[in-house]
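For the sequence shown, my numbering begins at 79 and goes up steadily by one.
First up is the structure itself, then whatever we jot down about it.
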Amino acid sequence: MTEVVIIDAARTPVGRRKGWLRETHPVKLGAHAVRAVLERTGLAPELVEHVIFGCVSQVSEQAFNVARNVTLEARLPIDVPATSV
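Here it is as structure tokens:
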């Protein structure tokens with residue numbers, strides 16, 4: 079990869095602790111955002127070279143590499159690297 083191109087961005091909804099999103103796993107929310115970007119841009123999943131995903135609080139259910147799990151849940155190719163920030 080010699081050139082970095084950001085084509086779009088999406089965010090997950092924000093909710094209160096123990097609020098309406100309490101039953102939704104963070105990976106499911108993240109995958110929804112990734113799929114939304116792919117749909118809006120028309121970009122084929124196999125053209126994605128790297129995913130960088132932000133996570134404010136990487137504890138409990140989010141203590142693993144959330145970016146990697148979001149990438150897999152969004153059905154991107156298994157060889158696409160992902161970084162949690």
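No residue lacks a Cβ here, since even glycine has one placed at the ideal position from N, Cα and C.
Asked: So within the region 109-150, which uninterrupted beta strand (DSSP E) runs reach at least 3 residues, ignoring any that extend past its ends?; Found: 129-131
Asked: Report the option in E124, V163 and V137 whose CA atom is closest to the CA atom of D157.; Found: E124
Asked: Could you check the C-alpha separation between D86 and R95 for me, to the nearest Å?; Found: 28 Å
Asked: Could you pull out every residue in the same chain whose Cβ sits closer than 6 Å to the Cβ of A114, ignoring the five residues on either side in sequence?; Found: A88
Asked: For V137, decide whether its Cβ has a neighbour in chain B, counting only Cβ atoms nearer than 7 Å.; Found: Protein chains in the displayed structure number just one, and chain B is not present.
Asked: Classify V126 as buried or exposed, calling it buried when 16 or more other Cβ atoms lie within 10 Å of its own Cβ.; Found: buried
Asked: Whole angstroms are fine: how far does the CA of A152 sit from the CA of G93?; Found: 22 Å
Asked: So, are the CB atoms of A160 and V129 less than 7 Å apart?; Found: yes
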